[in-house]
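In the numbering used here, the protein residues as written are 158 to 430.
Data block below; observations after.
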């Protein structure tokens, strides 16, 4: 018997909780309902999903090709699965700045699926921001300024800093660096979204350094407006599935020295247009 998922918006702007679905045994109708809900709400949240790593990979693969992270090694035997982990020995936690995952790639991710299997009793929430809303809230003058501009997204500065903090030798490897539109058009919804983030975007192409810095600083602060946001409180075996093309997220590391641990798969997207 088919089960129709129940979709409950978290805020009017972004996010929805999905109930009545087992992501480890998703039929075609359930898949279509989740795909449509993701396009409508930008990020979806699921509870009580104790699925296997293989099932998580299978879910992601229904949406597209899974990709290997350019800096973090995957699990043994599962290179596409990134471990997200912090504990009493950690000197950093993943995702502590507003960002869109691996936006430095020539074809940045379509989406990411994160399952947390171990969470602290309090803290460790993730904030999500709607980049359609961020673009729509700009003045017409600012929209006109940004239209047609491109920005450089470079993974090198951030990933090398991560490696320095944790004492990992990156062997002088090269990291992705790409030029993308400052405002991109979502390939499914056709809506315009702001596409710069403080983790990877280093400058706006064609602008003098001072002007580039001023515009990016304004946009990075703009993204932090709480009326664009929703906040997800993790529980054991919760899953978040977000569309990287129209969202940013920020993981809050306020639970040290407690453990927060899970697995993420990332789905290849397309070149931003």
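From the three backbone atoms N, C-alpha and C, an ideal C-beta is built for every residue, glycine too.
None of the values given here were measured: they were computed from a predicted structure.
| Item | Value |
| --- | --- |
| Who are residue 360's beta bridge partners in DSSP? | 309 |
| Relative to the ligand ZN, is the shortest distance from any of its heavy atoms to the C-beta of residue 266 smaller than 7 Å? | This structure lacks the ligand ZN, and indeed carries no ligand of any kind. |
| So the beta strand (DSSP E) residue 287 belongs to, where does it begin and stop? | 283-287 |
| My assumption, with CB atoms under 8 Å, is that residue 385 sits in contact with residue 290. Please give the rounded CB distance. | 5 Å |
| Measure from the alpha carbon of residue 304 to the alpha carbon of each residue in 310, 326, 338, then state which is nearest. | 338 |
| Quick check on the burial criterion: 16 or more other C-beta atoms within 10 angstroms. Buried or exposed for residue 323? | exposed |
| Go to residue 421, then tell me how far its alpha helix (DSSP H) extends in each direction, as first and last residue. | Where residue 421 is concerned, there is no enclosing alpha helix (DSSP H), although the beta strand (DSSP E) it sits in stretches over 417-424. |
| Relative to the alpha-carbon of residue 408, which residue among 286, 171, 375 has its alpha-carbon at the smallest distance? | 286 |
| Given this structure, state the Cα-to-Cα distance separating residue 267 from residue 406, to the nearest angstrom. | 14 Å |
| Which of the three DSSP states is assigned to residue 405 in this structure? | strand |
| Among 174, 173, 196, 190, whose alpha-carbon lies nearest the alpha-carbon of residue 345? | 196 |
| Between which two residues does the beta strand (DSSP E) harbouring residue 396 extend? | 395-400 |
| Using the Cα positions of residue 189 and residue 313, report the straight-line distance between them to the nearest angstrom. | 37 Å |
| Which residue or residues does DSSP assign as beta-bridge partners of residue 268? | 400, 424 |
| Which same chain residues, not among the five before or five after residue 163, have their C-beta less than 8 Å away from its C-beta? | 175, 176, 177 |
| Less than 8 Å between the CB atoms is what I'm expecting for residue 359 and residue 311, so what's the real figure, rounded? | 5 Å |
| Between the Cα of residue 340 and those of 333, 353, 332, 418, spot the shortest distance and give me the residue it belongs to. | 353 |
| With three or more C-beta pairs closer than 8 Å as the rule, is the region 200-208 touching the region 249-258? | no |
| Leaving aside the five residues before and after residue 300 along the sequence, list all residues of the same chain whose C-beta is less than 8 Å from its C-beta, in chain order. | 292, 340 |
| Look at residue 214 and residue 233 and say whether their C-beta atoms are less than 8 Å apart. | no |
| Taking Cβ positions, are residue 273 and residue 419 nearer each other than 8 Å? | yes |
| Output yes or no for whether 8 Å exceeds the beta carbon distance between residue 396 and residue 223. | no |
| Mapping DSSP to helix, strand and coil, what is residue 158? | Note that residue 158 scores a pLDDT of 42, beneath 50, so its modelled location is shaky; the value from the coordinates is reported in the next line. Three-state result, residue 158: coil. |
| Hey, quick one: how far does the beta strand (DSSP E) through residue 180 stretch, first residue to last? | Counting along the chain, residue 180 falls outside any beta strand (DSSP E), and DSSP gives it neither H nor E. |
| What's the gap between the Cα of residue 281 and the Cα of residue 331? | 31 Å |
| To which residues of the same chain is residue 166 closer than 6 Å at the C-beta, ignoring the five residues directly before and after it? | 173 |
| Nearest to residue 257 by CA position, among 199, 204, 414, is which residue? | 199 |
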